[in-house]
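Chemist: Structure in structure tokens, see below.
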Amino acid sequence: SNIKSVGISTAGAKELGEDIGRRIAEVLPSVPILVRPTDPVIATHTGPGAFAITYYVD
1 SNIKSVGIST AGAKELGEDI GRRIAEVLPS VPILVRPTDP VIATHTGPGA FAITYYVD
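In the numbering used here, the protein residues as written are 1 to 58.
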């Protein structure tokens, strides 16, 4: 895989983000995964439980 890193952003769903991160790590064990809360402005528009997955490729 040419994926270099993965980011997961959540709106009030830390456990969900960590679970998604674990599942991705099973498929991409050597790729760093960062789980962080989203910005409050974005969370206001998405609502609780929203998440986003981003990734960087070579």
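Using N, Cα and C, we set each Cβ at its ideal position, and we do this for glycine too.
Could you tell me the boundaries of the beta strand (DSSP E) in which residue 52 lies?
Modeler: It spans 51-57 - the beta strand (DSSP E) in which residue 52 sits, taken as one unbroken run.
Chemist: When the distance is taken between beta carbons, is residue 21 closer than 9 Å to residue 33?
Modeler: Yes.
Chemist: Terminal residues of the continuous beta strand (DSSP E) containing residue 46?
Modeler: Not the beta strand (DSSP E): residue 46 falls in the alpha helix (DSSP H), residues 40-46.
Chemist: Going by DSSP, what residue range makes up the beta strand (DSSP E) through residue 7?
Modeler: Per DSSP, residue 7 belongs to the beta strand (DSSP E) from 3-10.
Chemist: Within a Cβ cutoff of 6 Å, which residues of the same chain sit near residue 26, ignoring the five residues on either side of it in sequence?
Modeler: Around residue 26: no qualifying Cβ.
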